[in-house]
Amino acid sequence: MSSTPRKRPAPDALVAGIVVVILVALVAAVFMTGAGATLYPPEAATEQGREVRGLYDIVFAFAVAIFIVVEALIVWSVLRYRRRPTDVDLPVQTHGNNLVEVIWTVIPTAIVLFLFVISWNTLNNVDAVSDQPDVRIHAVAGQFAWQFEYLDESGTKVATQLVPSYDAATGAGGMAVPVGRSIQVTLDSPDVIHAFYVPRFLFKRDVVPGQTNRFEFTVDEDEAGQVFRGQCAELCGTGHRQMLFNVIALSPADYDAWLAALVEKSNATPAPLPSGTALNVTASGVQFDTAALEVAAGAPFGIVFKNEDPAAISHDIDIKDGGGAVVADQEVIAGGTSANYSYPPLAAGAYTFFCSIHANMTGTLTAK
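Start counting the sequence shown at 5; every next residue gets the next number (our numbering).
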């Protein structure tokens, strides 16, 4: 009787080749479906960010290539040297191969040296600062808020932005910068370590007490009108989650108008207090000097607020009702300054006055 001949298995090299093709297809599918976006940083919005992104692209390409080569070699080795039913003796043993050893030493060394050179070059480009930047900003990070001081060419403060987050409804707040101009930021902290981090800048710089750090960036001109999210990237205490800020990219003309308005606001005289009740509250040591206030129901009132904490520690006095809804929201003031706050009439009842920056600074306000 004749028997059907058995099919010969595919050659090991062919199987390994198929595996390589499958691995390449999987990597391509990850990126074509968009899932690979999670492996990549966001699109760079600055000149310096593009340097970082270019470095990332090169390192990532090496990583993908090495992954494919290593996985393919593992599969090929498993297939090529697997034990077959007819194998009863040990295969020929190889005790060293000078050529292979030279290859696996020289190639990784060349790759590491290449990555070192391009990383060093990128670091130097990103860390470079000029003597005469177009815009100077002094960012102060204190528990738990940012403030941005705008400086002139001599380094003298001309205006201070105490509202770090941008309000789209009013167009107020945030650190505004002009596109296409060099922005130099100096960083200081009066308390603990913080960090200036904007994801689309592909950059983070620590804010260290007793040490002034600086960096420089130029926002791309086609990013005018964009609002970038920023945050503190170092765990700095119980209010760390509050240390958010925005960077607003403006055209040079819009930025000049914005800065002029901020200078005017910074130099404006305090608003007069409303007629009627005027209370006095002082903040010192990140505490209010009183835990209870009383006003007449149905009548406007004012508070003369003095912030005696250091300049980098900002406070305000907001009011919320028993349900937690904020009924009066005041602008923050820097340490060492004072403000006249005006409040609308309140219905009879118990309210909470508080600092929006420091959760421990609260008290009870009674309207009766």
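Idealized CB from N, CA, C, for every residue including glycine. Since this is a predicted model, take the numbers as computed values, not measurements.
Going by C-alpha positions, residue 271 is about 8 Å away from residue 163.
Taking the CA atoms as reference points, residue 215 sits about 26 Å from residue 185. Its Cα nearest to that of residue 149, the residue 234 stands out among 234, 298, 203 and 44. For residue 71, the secondary structure class from DSSP, reduced to helix, strand or coil, is helix. Looking at the backbone, the Cα of residue 277 and that of residue 367 are separated by about 21 Å. Taken in chain order, the whole beta strand (DSSP E) runs of length 3 or more contained in the region 296 to 371 are 296 to 299, 305 to 311, 322 to 324, 330 to 332, 341 to 347, 353 to 358 and 366 to 371. The DSSP assignment places complete alpha helix (DSSP H) segments of no fewer than 4 residues inside the region 203 to 283 at 256 to 271, in order along the chain. Judged by DSSP secondary structure, residue 192 falls within the beta strand (DSSP E) whose first and last residues are 186 to 192. With fewer than 16 other CB atoms across the displayed protein chains lying within 10 angstroms of its CB, residue 131 is exposed. Between the alpha carbons of residue 116 and residue 259 lies a gap of roughly 44 Å.
One Cα belongs to residue 310, the other to residue 317, and the distance between them is close to 12 Å. Looking at the backbone, the Cα of residue 326 and that of residue 128 are separated by about 55 Å. Excluding its 5 nearest sequence neighbours in each direction, residue 315 has C-beta neighbours in its own chain below 6 Å: 338, 339 and 340, listed in chain order. Excluding sequence positions up to five before and after residue 169, its CB lies within less than 7 Å of the CB of 177, 178, 248, 249 and 250, all in the same chain and listed in chain order. Taking a cut-off of 8 Å on C-beta distances, the region 77 to 86 does not touch the region 136 to 149, as fewer than three cross pairs fall below it.
As summarised for the region 129 to 180, the continuous beta strand (DSSP E) elements at least 3 residues long and confined to that stretch are 139 to 146, 149 to 155 and 161 to 165, given in chain order. In this structure, DSSP gives residue 201 an extended state, which the three-state scheme calls strand.
Relative to residue 160, the option among 212, 226, 92 and 267 whose CA is nearest is 267. A direct Cα-to-Cα measurement between residue 62 and residue 120 gives close to 12 Å.
Cβ neighbours of residue 51 within its own chain (closer than 6 Å, five residues either side excluded): 222. According to the DSSP secondary-structure assignment, residue 287 is paired through a beta bridge with 292 and 311.
In the assembly as shown, residue 371 is a buried residue. Its beta-carbon has 16 or more other beta-carbons within 10 Å.
In terms of Cα proximity to residue 356, the closest of 199, 328, 83 and 243 is 328. Residue environment: residue 44 is assigned as exposed (fewer than 16 neighbouring CB atoms within 10 Å of its CB, all protein chains considered).
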